Amino acid sequence: MNVTVVGTGYVGLVTGTCLADVGNEVLCVDTDAEKIGNLKAGKVPIYEPGLEPMVEENAHAGRLKFSTDIAEGVAFADIIFIAVGTPPDEDGAADLKYILQVANSIGETLDGYKVVVNKSTVPVGTAGKVRDVIAARLRERGVDGDFSVVSNPEFLKEGAAIDDFMKPDRIVVGVDDARAESMMRELYNPFSRNHEKVMVMGIASAELTKYAANAMLATKISFMNEMSNLAEKLGADIEAVRQGIGSDPRIGYHFIYPGCGYGGSCFPKDVKALIRIGHEIDYVPSVLEAVESANEKQKRVLVDKLVRRLGDDLKGHRIALWGLAFKPNTDDMREAPSRVVMEAIWERGGSVAAFDPVATDEAARIYGARDDLVLEPEDPYAILDEADALVLVTEWKVFRSPNYQTMRRKMRKHLIFDGRNVFDPDVARRGGFEYFGIGR
27 MNVTVVGTGY VGLVTGTCLA DVGNEVLCVD TDAEKIGNLK AGKVPIYEPG LEPMVEENAH
87 AGRLKFSTDI AEGVAFADII FIAVGTPPDE DGAADLKYIL QVANSIGETL DGYKVVVNKS
147 TVPVGTAGKV RDVIAARLRE RGVDGDFSVV SNPEFLKEGA AIDDFMKPDR IVVGVDDARA
207 ESMMRELYNP FSRNHEKVMV MGIASAELTK YAANAMLATK ISFMNEMSNL AEKLGADIEA
267 VRQGIGSDPR IGYHFIYPGC GYGGSCFPKD VKALIRIGHE IDYVPSVLEA VESANEKQKR
327 VLVDKLVRRL GDDLKGHRIA LWGLAFKPNT DDMREAPSRV VMEAIWERGG SVAAFDPVAT
387 DEAARIYGAR DDLVLEPEDP YAILDEADAL VLVTEWKVFR SPNYQTMRRK MRKHLIFDGR
447 NVFDPDVARR GGFEYFGIGR
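Counting in this note's numbering, the sequence shown runs from 27 upward without gaps.
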């Protein structure tokens, strides 16, 4: 098939590349000329394991092309994916202006039947708004255009997006006509060779499924963090509790790791948006409000532990951070707990030296050059010189077996604040450190 993907951010670029990889002809369109120029030159703007060589391979084969011309994309495609951002408004609602701008652009040039697919995470009812915008533009042109609008939410985990797309658990398709359903089944047939992955449902159900999935996972995380806070006060070990409940197949082990809060581009935004959706229809989503509140508190738990041990005035203190990204295998720092920790240290007069294998450039972009921030992308031990504490925020694999002797020799004070329970507390203490974990 000929496929156009509008938006070359995380979702759009992964979608377009993976569809090209199974033989489709794909045109990725973006209004950012610099980004498109970089992609044409083989420079991928995001960090995602395996994506860059896949982009290069499919571009070289001629199946994956890039353009700034949406009219070209509309004319080219059988199926048009809308994969632009839906940033939260001040009240938490998803901002649909970019999606509706794309819909307007499609309506300006649409000629002949097309399937328009909402790939972005959008509130229930967005497909109808896209349909209305395209139809209105066609009426203005005096064109009797034929098109369908489909909801096809993404379920991609940053750091594992290629596998998630190529080997999906499910492919949710919200559709209200047989022709569009047939085309979407044909498009996704290569991903259902083992067994049927496509789940067809109503459009509203598909739109809600994405929000419900992320809200459920966020709920599990906040629940476990709440249990960790209880465990700490009750003298229990949350890691033992985690194994005790995870062995129950009704609960499972996924997303029950205690820590210093969730971040990223999805969970915080989608929970806020779903809360807002509830209020708009006069429903109070009390569980979701508690999930969001608990997470905001949890992001400060490492700061609270640090202040209790070192005092509220951190002037003259150098705090080492291991991990900046909101999770491993990405450079994404949106809503990352590391930002809360660093900014709280700076507010108290302290300085930060941070290591992350891929996110230091993103941190430099966010914070710029400042005297109280040192960024190190190569050696996690390089930032430990004269450090008064080590705070682990992101559970990169490289942190799992630390050299405590080297750490102790370099650090001024021997304090570890483990925000992801990566270290064994007994081993850390035998190594000469005071250890502070989550719920332990």
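Think of the CB as a built atom: it goes at the ideal place given N, C-alpha and C, for glycine as much as any other residue. Treat the numbers as computed from the prediction; the structure is a model and nothing was measured.
By the CB criterion at 8 Å, Phe459 and Tyr430 fall inside the cutoff.
Residue environment: His280 is assigned as exposed (fewer than 16 neighbouring CB atoms within 10 Å of its CB, all protein chains considered). In terms of Cβ geometry, Ile188 and Gly76 form a close pair [threshold 8 Å]. Met227 is bridged by DSSP to Gly200. Judged by DSSP in its simplified three-state form, Asp115 adopts coil rather than helix or strand. One Cα belongs to Pro284, the other to Pro113, and the distance between them is close to 27 Å. Around the beta-carbon of Gln324, 16 or more other beta-carbon atoms lie within 10 Å, marking it buried. Looking at the backbone, the Cα of Ala129 and that of Ser364 are separated by about 37 Å.
Counted as a single uninterrupted DSSP element, the beta strand (DSSP E) harbouring Ser93 occupies residues Leu90 to Ser93. Its chain contains Phe181 as the residues whose beta carbon lies nearer than 7 Å to that of Ala239, once the 5 sequence neighbours on both sides are disregarded; these appear in chain order. Take the alpha-carbon of Leu410 and the one of Arg268: they are about 31 Å apart. CA-to-CA, the gap between Glu315 and Arg205 works out to about 40 Å. Here the alpha carbons of Leu399 and Thr386 stand approximately 11 Å from one another. In the structure shown, Tyr237 falls within a helical segment according to DSSP collapsed to helix, strand and coil. Between Ile392 and Leu416 a beta carbon distance of about 22 Å is seen, past the 8 Å cut, so the two are scored as non-contacting. Secondary-structure assignment with DSSP links Thr30 through a beta bridge to Leu53 and Ile106. Shown here for Glu233: same chain residues with a beta carbon closer than 8 Å to its own, the five before and five after excluded, namely Asn144, Val148, Pro149, Val150, Gly151, Thr152, Ala153, Ser177, Pro179 and Gly200 in chain order. As computed with DSSP, Ile442 is found in a beta bridge with Leu416 and Tyr461. The segment 251-270 makes no contact with the segment 211-229: fewer than 3 CB pairs, one atom from each, lie closer than 8 Å. In terms of Cα proximity to Val329, the closest of Asp382, Val297, Leu418 and Gly304 is Leu418. Within the DSSP secondary-structure output, Ala153 pairs in no beta bridge. If you ignore the 5 residues before and after Arg276, its C-beta comes within less than 6 Å of no other C-beta in its own chain. Setting aside the 5 residues that flank it on each side, Gly68 is surrounded in the same chain by Glu82, each with a C-beta closer than 6 Å to its C-beta; the list follows chain order. One thing to note: Asp339 has its Cβ no nearer than 8 Å to the Cβ of Gly290. A distance below 8 Å between beta-carbons, with the five flanking residues on each side excluded, links Val310 to the following residues of its chain, in chain order: Gly304. Secondary structure at Glu252: helix, using DSSP grouped into helix, strand and coil. If you look at Glu361, you'll find it isn't in any beta strand (DSSP E); DSSP assigns it neither H nor E. No residue range can be given for Leu122, since it is assigned to no beta strand (DSSP E) and is classified by DSSP as neither H nor E. Pairwise C-beta distances place the segment 85-97 in contact with the segment 47-64, as three or more of them are shorter than 8 Å.
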